[in-house]
Amino acid sequence: MFVLTAAAIVALIGQQAPAQGVDWDKQFGVQEKVRDPKTGEFPVDPYTQSNANAGATPVKGESLARQFGGQPGIRRLAERTVELSEADPRIAAIFVSHDMVRLKRTLFEQFCYLLNAGCNYTGRDMKTAHAQMGLRKADLNALVENLQKAMREQKVPFAAQNRLLAKLAPMSKDVITR
Amino acid sequence: MIKKRILAAGLSALALTSPAYADDVVSVPGDKLLLTNGVTTIEGTSGGGMVTWATIAGRETDRGIGVSTHVTVIELPDYGWESHGLSVGIANRIELSYARQNFDTRNVGAALGIGQNYKLNQDVYGAKLRLFGDLVYGNPLLPQVSVGLEYKHNLDRPIALAVGAANSEGTDFTLSATKLFLARSLLVDTTLRLTKANQNGLLGFGNAADAGYSLQFEGSLGYQLSRRAVIGGEFRTKPDNLGLGEKNWFDLFGAYALTDNVTLTAAYVDLGSIATFNDQRGAFLSAQLAF
């Protein structure tokens, strides 16, 4: 027994170091995702793009879009909401390993489309986008609070804030999965 | 150096008391959105000041247990009201509540021969179950719906019987539907109540002719001014089992979430006629501490 153990130790110590310059990703069939140099986003599997994926129909008229500061204001709002949420200890973990560049863009497009500010939504539908996240109502509430904070920072009138929330709130059935 | 420190302390104290800095106040995090736990009714349930809503007390959602306490005073021309209590909200599904009501008859007590400043007291034990729906989320036309019961134990049985009530204890049954219509920043509640209570139970239940349950209606309308502020009005019908001219109740209220955990409610209330003393209109003040 002792002899066998000693032999095993000698064999372990004595084995050759792995050869230099081996492409281990290739050996194991791992494909490295590369950000698109133009958009800065990781590639995604193909899906059918449609405004129906936005999860609601746009508001009527253009006054609400104005109250949100038009497309530039809505873009700042979407980006700020994502940044606040990434820094929010209650829900930060949800965003780890997600493509935040893409999220900021698709969230902007969704807000912009719903507020009738002249965008098309090119992201996935709410059910598919949130399918693997295991979100709870408390997570959604935290996100709403961050969105509300971002809207306050941008001086969006409260009634206008609620009109955007009114478009988003019914999506909870596709977002909350446990 | 010391002067500087005092100045700094003064400034931070100023910051704490200024609403503009309310978000910086240290608070115990709860999972519910601000004000969606409602305030506390005179019966100890979560709702408006007077009307029981479908909401569940406390600030926790589906995985937590929330707790809420309150104190309420009402100042009327001939009477004084004080109530306080504790409620627990389990998984945003079940609410258990207790409230103690103390009703000071002041000079009326002497006029009625029960004694100057005689206080009528009542314990109210409540249980509420959220059946379905969500106050904020989900189908925008589907309200949050809850059923509840309130067991009321009047501690002044001889007086309740003397004014003609059949009993000094009774149970109310409620069915409430509440929804926040975000597109209009409007909160709407409608509640049906089966009750035998005379003046909330403070004058007992039913009458000598054995008046049974009657169906009463309650409603609240609230407009959200901000995340922290709501103004609105309430309405509540009541039976007149004792033939003392008991009237419907009305109020106009404003509620403000001072911090995530402390909500103050002020209201103008019209409680109509109480024990033949008419025009009982006055001020309602309530403080709620919720986690």
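Chains A and B, in that order, give the protein sequences.
Counted from 1, the first sequence has number 14 at position 24 by the numbering used here; the numbering is strictly sequential.
One rule links them: number in the numbering used here = place in the second sequence (from 1) + 250.
Each residue gets a CB set at the ideal place from its N, CA and C atoms; glycine is no exception.
Distance CB(B:Gly339)-CB(B:Glu293) smaller than 8 Å: No, the Cβ-Cβ distance between B:Gly339 and B:Glu293 is not below 8 Å.
Interface residues of chain A facing B:Leu551 [CB-CB closer than 9 Å]: There is simply no residue 551 of chain B to check, as chain B begins at 251 and stops at 541 in what is shown.
Beta-carbon gap between A:Phe98 and A:Ala68 smaller than 8 Å: Cβ distance < 8 Å, so A:Phe98 and A:Ala68 count as in contact.
Continuous beta strand (DSSP E) stretch holding B:Glu310: start and end: B:Glu310 -> no beta strand (DSSP E), and no H or E assigned at all.
Exposure label - B:Ser418; buried when at least 16 CB within 10 Å: In this structure B:Ser418 is buried. Its beta-carbon is surrounded by 16 or more other beta-carbon atoms within 10 angstroms.
Interface residues of the region 356 to 388 of chain B facing chain A [CB-CB below 8 Å]: So the close ones are Asp384, Val386, Tyr387, Gly388.
Chain B contact residues for A:Arg180, given Cβ-Cβ distances below 8 Å: Here chain A has residues from -9 to 168 only, and residue 180 of chain A is not among them.
Three-pair Cβ contact test at 8 Å for the region 350 to 366 of chain B versus the region 383 to 391 of chain B: As far as the Cβ criterion goes, the region 350 to 366 of chain B does not touch the region 383 to 391 of chain B, which means the pair count is below three.
Short CB-CB distance (under 8 Å) between B:Leu229 and chain A: Since the first residue of chain B shown is 251 and the last is 541, residue 229 of chain B is not available in this structure.
Bridge-paired residues (DSSP) for B:Lys369: Paired residues: B:Asp354.
First and last residue of the uninterrupted alpha helix (DSSP H) at A:Asn136: From DSSP, the alpha helix (DSSP H) with A:Asn136 extends over 127 to 143.
Under 7 Å by beta carbon: chain B residues contacting A:Phe101: Those within 7 Å of A:Phe101 in chain B number zero; the least Cβ separation is about 15 Å.
Segment contact flag, the region 99 to 108 of chain A with the region 37 to 49 of chain A, C-beta cutoff 8 Å, min 3 pairs: Proximity of the region 99 to 108 of chain A to the region 37 to 49 of chain A meets the contact definition, three or more beta-carbon pairs being nearer than 8 Å.
Chain A within 8 Å of B:Thr311, Cβ atoms only: At a cut-off of 8 Å, the C-beta of B:Thr311 has a neighbouring C-beta in chain A.
B:Arg443 burial status per 10 Å Cβ neighbour count (16 or more: buried): With 16 or more other Cβ atoms from the protein chains shown falling within 10 Å of its own Cβ, B:Arg443 counts as buried.
Collapsed DSSP secondary structure at B:Leu494 in the structure displayed: The answer is coil: DSSP assigns B:Leu494 none of H, G, I, E or B.
Minimum C-alpha distance to A:Phe32 - residue among A:Asp115, A:Met90, A:Ala119, A:Leu105: Of the candidates A:Asp115, A:Met90, A:Ala119, A:Leu105, the one whose C-alpha sits nearest the C-alpha of A:Phe32 is A:Met90.
Residues near B:Val321 by beta carbon distance below 8 Å, same chain, minus five either side: The residues are Glu332, Ser333, His334, Ser536, Ala537.
Inter-residue Cα distance where the pair is B:Gly314 and B:Ala341: B:Gly314 and B:Ala341: Cα-Cα distance of roughly 5 Å.
Same chain, Cβ closer than 7 Å to B:Ile409, five either side skipped, listed in chain order: Ile364, Leu370.
Span separating the alpha-carbon of B:Gly456 from that of B:Thr421: One C-alpha to the other measures close to 11 Å.
Own chain, CB closer than 8 Å to B:Gly330, minus 5 neighbours either side, in chain order: So the qualifying residues of the chain are Val323, Ile324, Phe353, Asp354, Arg356.
Sequence-distant residues of the same chain with beta carbon closer than 7 Å to B:Ala360, five excluded per side: Contacts found: Gln366.
A:Asp35 to A:Gln57 span [Cα, whole Å]: C-alpha separation (whole angstroms): 36 Å.
Reference B:Arg531, options B:Leu508, B:Val374, B:Asp501, closest by Cα: Nearest of B:Leu508, B:Val374, B:Asp501 to B:Arg531, Cα basis: B:Asp501.
C-beta neighbour in chain A for B:Ala433, strict 8 Å: Interface with chain A (8 Å Cβ-Cβ cutoff): B:Ala433 is included.
Under 8 Å between C-beta atoms of A:Lys127 and B:Asp312: Yes, they are a contact pair.
Distance, A:Leu105 Cα to A:Arg25 Cα: Spanning the two alpha carbons is a distance of roughly 30 Å.
Inter-residue Cα distance where the pair is B:Glu345 and B:Lys378: If you take the alpha carbons of B:Glu345 and B:Lys378, they lie about 5 Å apart.
First through last residue of the alpha helix (DSSP H) which encompasses A:Lys163: Counting along the chain, the alpha helix (DSSP H) containing A:Lys163 begins and ends at 162 to 165.
Continuous alpha helix (DSSP H) assignments of at least 4 residues falling wholly in the region 390 to 428 of chain B: Taking 4 residues as the shortest admissible run, the region 390 to 428 of chain B contains the following complete alpha helix (DSSP H) segments, listed from N- to C-terminal end: 407 to 412.
Within 8 Å, strictly: CB atoms of A:Arg80 and A:Ala132: Going by C-beta atoms, A:Arg80 is nearer than 8 Å to A:Ala132.
Simplified DSSP assignment, three categories, for B:Ser435: Here B:Ser435 carries a coil assignment [DSSP, helix/strand/coil].
Contact set between B:Pro489 and chain A, taken where Cβ atoms lie within less than 8 Å: What B:Pro489 touches in chain A: nothing, since even the nearest Cβ is about 38 Å away.
Euclidean distance between Cα positions of A:Lys50 and A:Ala150: Taking the CA atoms as reference points, A:Lys50 sits about 13 Å from A:Ala150.
Cβ of B:Asp281 within 8 Å of any chain A Cβ: For B:Asp281, the answer is yes, since a Cβ of chain A falls inside 8 Å of its Cβ.
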